[in-house]
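Read the structure below first, then the notes.
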Amino acid sequence: MESIINKSRMEKPDNLILVIFGATGDLTSRKLMPGIYSLRCQNMMPEKFSLLGIGRTVMTTEDFRARMRDAIVSSLTEKSPDTGPVDEFVSCCSYYSFDMISPEGYQGLKKLVDGIRKSSSVGGNIIFYYATPPSMYEIISTSLSRVGLADQKDGFRRFIIEKPFGYDYVSARKLNQTMHSLMGEDQIFRIDHYLGKETVQNLLVMRFANGIFEPLWNRNYVSRIEITSAENLGVERRGGYYDNSGALRDMVQNHLLQMAGLTAMEPPSSLDADAIRNEVLKVFQSLQPIREEDVEKQVIRGQYTSSTIRGECIPGYRYEKGVDTHSRTETYVAIKFFINNWRWGGVPFFIRTGKRLPTRVTEVVVHFKPSPHYLFQGTKNNKSDNQLIIRIQPDEGILMKFDMKEPGAGFKVKNVNMDFHYKDLSDIRVPSAYERLLYDVMLGDQTLFSRDDTIETAWKFLEPIQNAWKNNPAIKVYGYPAGTWGPEPSNRLIGDDGLTWRYPCKNLADEESYCEL
Ligand code: BG6
Numbered sequence: 004m005e006s007i008i009n010k011s012r013m014e015k016p017d018n019l020i021l022v023i024f025g026a027t028g029d030l031t032s033r034k035l036m037p038g039i040y041s042l043r044c045q046n047m048m049p050e051k052f053s054l055l056g057i058g059r060t061v062m063t064t065e066d067f068r069a070r071m072r073d074a075i076v077s078s079l080t081e082k083s084p085d086t087g088p089v090d091e092f093v094s095c096c097s098y099y100s101f102d103m104i105s106p107e108g109y110q111g112l113k114k115l116v117d118g119i120r121k122s123s124s125v126g127g128n129i130i131f132y133y134a135t136p137p138s139m140y141e142i143i144s145t146s147l148s149r150v151g152l153a154d155q156k157d158g159f160r161r162f163i164i165e166k167p168f169g170y171d172y173v174s175a176r177k178l179n180q181t182m183h184s185l186m187g188e189d190q191i192f193r194i195d196h197y198l199g200k201e202t203v204q205n206l207l208v209m210r211f212a213n214g215i216f217e218p219l220w221n222r223n224y225v226s227r228i229e230i231t232s233a234e235n236l237g238v239e240r241r242g243g244y245y246d247n248s249g250a251l252r253d254m255v256q257n258h259l260l261q262m263a264g265l266t267a268m269e270p271p272s273s274l275d276a277d278a279i280r281n282e283v284l285k286v287f288q289s290l291q292p293i294r295e296e297d298v299e300k301q302v303i304r305g306q307y308t309s310s311t312i313r314g315e316c317i318p319g320y321r322y323e324k325g326v327d328t329h330s331r332t333e334t335y336v337a338i339k340f341f342i343n344n345w346r347w348g349g350v351p352f353f354i355r356t357g358k359r360l361p362t363r364v365t366e367v368v369v370h371f372k373p374s375p376h377y378l379f380q381g382t383k384n385n386k387s388d389n390q391l392i393i394r395i396q397p398d399e400g401i402l403m404k405f406d407m408k409e410p411g412a413g414f415k416v417k418n419v420n421m422d423f424h425y426k427d428l429s430d431i432r433v434p435s436a437y438e439r440l441l442y443d444v445m446l447g448d449q450t451l452f453s454r455d456d457t458i459e460t461a462w463k464f465l466e467p468i469q470n471a472w473k474n475n476p477a478i479k480v481y482g483y484p485a486g487t488w489g490p491e492p493s494n495r496l497i498g499d500d501g502l503t504w505r506y507p508c509k510n511l512a513d514e515e516s517y518c519e520l
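Whatever position you read off the sequence shown (first residue = 1), add 3 for our numbering.
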C-alpha cells in the first residue's frame, strides 16, 4: 500500500473500535491515551470511534474513564494541540475486566464488542492492541480467532504487537508462525517506537531528499559510523522485566538495528511500505555474522554499579527492585560489526546503548575519512575530522563538524559546528512516536512497523552473541559506575590509534565513588 510518507495532506481514518489488552498499564496512560487525544484534537481520528480497555484489575467503566481523563490532562503541555473537552472525549471509552488467559472471557468480549458496534454504529473495523507481557501474545491471538473476532468478513482486523517480539530467533519465528496461522502479515503491526520518532524518519528525508549527502554516503568517504542510544535513568520500576531481558533484547534487537538499517539502506524504489522495508531487510541480510568465538572481541557488555553523583548516592543495578543480587544481565552493550555489501564493505559500524549513562541522548554519527593530505601540519591532530551528527533526541537536529581557519595570522585550524535544531521550526510541534504510529495503523500503513522477516533476521544476527554469553561464563560483564559512559574496554572496539566514541558530555559520577562489579 502507498505509504503516508508520500502524502502531505492528512486523511481521516475509517470508523473503528480500538481494543487495548493490558489497558490499566503504564503504556496506555502515558503514551496511548495522550496520543489518541492529540490526534482527536487535530481532527485526525475517525468520525466514530470507541475504545475498549481490557485488564485484570476490576474497575468500572466510570473509573476507567476517570483514569484516562487524568492521564490525558497530565500529558498536556503548552505545545499540545488545542485542547478539546477531555470529559467528552473519554466518554468513548469503556472497560471490561477478565483474565486474558481464560478462554471463557473471550465469549464475553465478543458480546461486548457486538454491543458497542450496535449502540454506537461504529461499524465493523477493529484494532487490537497487545499492551501485555509477551507471554500473552499467542493465547490472546488464538482466543480471539476462536470466538471469530479475528475474522475480517465485516471490516478489517489489525493487531498491534508491542516489543519484545520473541526473546531470540527461535521464539520469534515460532510466534510469527502462530500469528500467520491466524491472520495475514498485512494485519500485523509490530511496534518499534523508534520508527515513530520524527528524527528517525528524517534520516530518510535527509539522505534521499538532498543531493549533497548521498554521494559521500559510502565506503569511499565514510571511515566509521557510530549509533548511540544513552539513557541517564536506571531500570526504574521495571527491574523484574529488565533482568530477564537486558540491553541486547530491550534496545539493540529493535531500536538500534532499525536505526542502523535506515542509516545504511539503499534508496528505496518508491515510498511504498514494502519498498522501504525491503531495503532495511537487505541491510540486515548483509550483516557480517559475528562468530561465537569473536563475541568477546566485538561485543562489550556492562552493568552499572553504585556511585555518587554530585553527592547523591545512586544504587547499582543489583540493588534495584526486582533484580537478582547476582545478576549478570547487561545494562550496557556495545557492538562492532560490518555490513558486507558494495556500499559499506570494510566500514565498521559501532552501536552502543546503556542505562545510567551521564545523559539521555540518541544520535547517529557519521565520521568521514580525513583529507588525503593535510596541509596545515602542526596546528592540531594533523588530520581533518569531519562528522555529521544526526541527533535523534533530545534537542532533535543535525550537526556538521568541519575545520575552519581561526581569524588572525598564520593558518590555525579550528573544528567548528554548523548546527540545525528542529525546535527552530518554532510553530511545528513534534508529534509523539505513539501518536504517529497509532495513526498509521488506523490507515493501515505498515511502513514504520517491523516485518516478520526483518525481525527474524535481526534476531539471527544476535544469536551468536546470545549463545556465547549463555555458553561461556568466562566472557566478562564489566562494571561501570552509574553516571559514566560505560565500561572502559568499549573504547577498545573503536580502534588502537587513539580513536574513541563521541562523548556528548562528561562523566557525572564522582571518581572516588567508583566501585567494582
Ligand atoms: C523501550 C525500552 O523500548 O525504549 C526501555 O524498553 C527504554 O528500556 C526505552 O527506556 C527508551 O525509549 P526512549 O523513547 O525514551 O528513547
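The beta carbon of each residue, even a glycine, is placed where N, CA and C say it ideally should be.
C-alpha distance - residue i paired with residue j, whole-angstrom precision
i	j	result
L152	P467	39 Å
D102	S232	36 Å
D443	Y98	24 Å
P490	M209	33 Å
Q301	I342	14 Å
E269	N474	36 Å
F464	P292	6 Å
N281	L451	12 Å
M403	W488	23 Å
N9	Y437	Model confidence at N9 stands at a pLDDT of 48, short of 50, so the residue's coordinates are unreliable and nothing is read from them.
G237	L198	23 Å
Q110	D456	33 Å
T266	G348	15 Å
G482	G305	5 Å
S374	V416	14 Å
S146	P106	6 Å
M62	S94	16 Å
C508	V367	15 Å
K121	I129	14 Å
S123	G325	43 Å
I230	N418	21 Å
L391	P318	36 Å
Q155	K51	19 Å
Residues that DSSP places opposite residue i in a beta bridge
i	result
V367	I230 and I393
Y133	F24 and I164
C96	L54
S310	I317
R193	I164 and S453
A512	I312
R59	Per DSSP, none; premise fails for R59.
Y335	G305 and G357
L19	F52
L523	Residue 523 falls outside the range modelled here, since the chain spans only 4 to 520, and no answer is possible.
Q225	In the sequence as presented, Gln is not what sits at residue 225; that position holds Val. Bridge partners of V225: F371.
Own chain residues within Cβ distance below 6 Å of residue i, not counting five before or after
i	result
S435	G38
K34	Y437
V22	L55 and F131
S516	S310 and T311
Residue i (DSSP reduced to helix, strand or coil)
i	result
F352	strand
L284	helix
I401	strand
Q204	helix
F379	coil
S11	Since pLDDT at S11 reaches only 48, below the 50 mark, its modelled position is unreliable, and the value read off the structure follows with that caveat. Coil, per DSSP.
G357	strand
R304	strand
M407	strand
I75	helix
P37	helix
Residues near residue i in its chain [Cβ-Cβ closer than 8 Å; skip 5 each side]
i	result
P167	P137, S248, R252, D253, Q256 and N257
I119	I20, S53, L55, S97 and V125
N420	L402, M403 and K404
M186	S144, S148, A153, R160 and F162
E65	none
L219	V225 and F371
V89	Y40, R72, I75 and V76
Beta-carbon contacts of residue i that lie in its chain and below 7 Å, excluding the five residues immediately before and after
i	result
Q288	T460
I458	F168, A175 and R193
L290	F340, I342 and F464
A471	E295, V298 and I478
In chain order, which beta strand (DSSP E) runs of at least 3 residues are fully inside the stretch 409 to 490?
List check, beta strand (DSSP E) in window: 416 to 424 and 481 to 484.
Only counting runs of 3 or more residues, tell me where the beta strand (DSSP E) segments fall wholly within the stretch 104 to 148, in order along the chain.
Whole beta strand (DSSP E) segments, 3+ residues: 129 to 133.
Completely contained alpha helix (DSSP H) runs for the stretch 248 to 282, where each covers 4 or more residues:
Counting only runs of 4 or more, we get 260 to 267.
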